[in-house]
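Under the working numbering, think of the first position of the sequence shown as 41, with each following residue one higher. Using N, Cα and C, we set each Cβ at its ideal position, and we do this for glycine too. As the structure is a prediction and not an experimental result, all values here were calculated from the model. Please read the structure below before turning to the comments.
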Amino acid sequence: MFNLHMATIAIIVANVLVSLKGFNDPTFFERYKFGISPINAGQKERMLTSGFLHVDVAHLFFNMFTLYFFADVVISWFGPGKFIAIYFVSLLAGSLLALFFHKNEPYYSAVGASGAVTGILYAAILLQPGMDLMLFFIPIPIPAYIVGIGYLMYSIYGMKSRMGNIGHTAHFGGAIGGYLVTLLFKPDLLLTETLMVVLLAIPIFILIVMEKMGKI
């Protein structure tokens with residue numbers, strides 16, 4: 041159970057160390073969190089560094105716990121190098137989508153590895169669509185692809201309603217990053233898992249249509 045790959049351990053350690061620094065140093069936290077105004081002013085590194093900061097221990101634990109469950113699926117298919125590539129592309133994709141949707145909100149800010157972790161989750165679902173997941177509040181196994189699609193539909197709702205202090209946009213962007221890079225690394229999924237590729241693309245298509253219609 042605890043036989044984690046060194047790549048997963050390295051990412052978890054990096055998140056823990058940077059987050060602990062942020063917990064204890066408000067100046068450090070403010071300097072490296074995602075913020076529209078400072079990013080537009082040239083501090084582009086925040087789009088990466090913000091993914092290693094968390095608001096509290098619970099936030100950090102939930103993200104790393106989710107990563108723990110899905111990282112090995114991706115590593116077993118692709119190896120550690122491509123796993124790390126998917127992680128960082130998903131992190132940056134989440135930041136880019138947040139920048140796109142919130143570009144006119146100078147005081148918008150966010151932190152957390154959720155975008156990167158959601159990218160790994162979406163990659164794992166594409167690679168092993170037959171997985172079942174157990175959610176804390178639903179004591180029965182649920183097909184992973186239903187969880188993935190439902191989560192992104194919930195993210196669209198959260199983006200539209202601005203519900204809670206949650207970076208729904210980064211989650212969605214991370215999923216897009218994980219989805220696209222997984223297909224780039226393994227394009228035969230378009231033939232072997234065509235239905236799953238189409239199903240997981242539905243929330244992405246809905247978001248694009250809603251954005252074009254000015255509904256989000």
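Cβ pair residue i, residue j closer than 8 Å
i: L107; j: I182; result: no
i: A261; j: A111; result: The requested residue 261 does not occur in the structure, where the chain is confined to residues 41 to 256.
i: L166; j: V187; result: no
i: F141; j: M104; result: no
i: S135; j: M87; result: yes
i: I256; j: M250; result: yes
i: G213; j: G155; result: yes
i: F123; j: A54; result: no
i: V237; j: L224; result: no
Residue i - containing alpha helix (DSSP H), residue span
i: L93; result: No alpha helix (DSSP H) holds L93; DSSP gives it neither H nor E.
i: L167; result: 154–167
i: I79; result: 76–80
i: P66; result: 66–72
i: H142; result: Counting along the chain, H142 falls outside any alpha helix (DSSP H), and DSSP gives it neither H nor E.
i: G254; result: That residue, G254, is in no alpha helix (DSSP H); it is neither H nor E in DSSP.
i: V151; result: Neither: V151 is in no alpha helix (DSSP H) and is coded neither H nor E.
i: H211; result: 208–225
i: L230; result: 229–232
Residues of its chain near residue i, where Cβ-Cβ distance is below 8 Å and the 5 sequence neighbours each way are ignored
i: L93; result: V58, S59, G62, F69, Y72, K73, V151, G152
i: L239; result: Y185, I189
i: M171; result: V113, A164, I165, P183, A184
i: E233; result: L166, P169
Spatial neighbours of residue i in its chain, beta-carbon cut-off 6 Å, leaving aside the 5 residues before and after
i: A163; result: V114, I126, G218, T222
i: Q168; result: V113
i: M41; result: Note that M41 scores a pLDDT of 43, beneath 50, so its modelled location is shaky and nothing firm can be said.
i: L220; result: none
i: S90; result: K73, F74, V151
Strand pairing of residue i, partner residues [DSSP]
i: D172; result: P183
i: F123; result: Paired residues: none, contrary to the question.
Residues of its chain near residue i, where Cβ-Cβ distance is below 7 Å and the 5 sequence neighbours each way are ignored
i: A215; result: T158, G159, Y162, L192
i: I246; result: I196
i: H99; result: G152
i: H208; result: S195, G198, M199
TODO: Please determine if the stretch 70–78 and the stretch 123–132 are in contact, where contact requires at least 3 C-beta pairs separated by less than 8 Å.
DONE: These segments do not touch.
Open item on the list: Taking contact to mean 3 or more Cβ pairs, one atom from each stretch, closer than 8 Å, check whether the stretch 109–118 and the stretch 62–70 are in contact.
Closed with: Contact between the stretch 109–118 and the stretch 62–70 is absent: fewer than 3 CB-CB pairs across the two stretches fall below 8 Å.
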